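Below you'll find the structure, written out as structure tokens, and then a few comments.
Numbering (the numbering used here), first residue to last: 408 to 558.
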């Protein structure tokens with residue numbers, strides 16, 4: 408249903424599937440995705456958080472939780488979730504990006520640049536992030552960020 412753009416119908420079906428098998432992780436995940444796609448970011452975050460209790464090593468679930476919190480404008484919670492993800496899944500560049508992005512979004516420029524420098528040391532595509540990610544574009548004129556991307 409989601410692929411066909413029928414978001415409301417997909418949510419109804421996901422809720423039905425979850426009601427029939429609340430212990431079924433696939434149905435639970437589908438519910439989280441359907442909630443997210445219907446703009447219920449807070450509810451989606453709750454579902455992804457519950458799913459992480461069952462599968463704490465899942466980078467996909469961690470990313471879904473962070474993105475849901477971000478879209479729900481719960482930036483401090485998203486930052487804590489990104490920090491926890493970075494600790495549990497070291498070397499995963501996506502969480503380095505989230506940490507820097509959330510620091511920049513919350514006006515913590517120095518922290519964002521420090522996090523980007525750390526990510527660059529781990530061979531993350533920092534120049535691409537600064538170019539492509541809206542929350543990081545404001546850093547482009549900072550001399551420290553410019554040094555990171557080779558300008």
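Ideal Cβ positions, reconstructed from N, Cα and C, are used throughout, including at glycine. Every value quoted in this text rests on a predicted model; they were computed, and no experiment measured them.
Residue 500: member of the alpha helix (DSSP H) spanning 500–512, first to last residue. Three or more pairs of CB atoms, one per stretch, sit closer than 8 Å, so the stretch 536–551 contacts the stretch 510–528. With 16 or more other Cβ atoms from the protein chains shown falling within 10 Å of its own Cβ, residue 454 counts as buried.
Sequence-distant Cβ neighbours of residue 549 in its own chain, meaning closer than 8 Å and more than five residues away, are 516, 520. The C-beta of residue 433 has fewer than 16 other C-beta atoms within 10 Å across all chains shown, which makes the residue exposed. Burial is judged here by how many other beta carbons sit within 10 angstroms of a residue's own beta carbon; residue 464 has fewer than 16 and is exposed.
In this structure, the CA atom of residue 415 is about 7 Å from the CA atom of residue 445.
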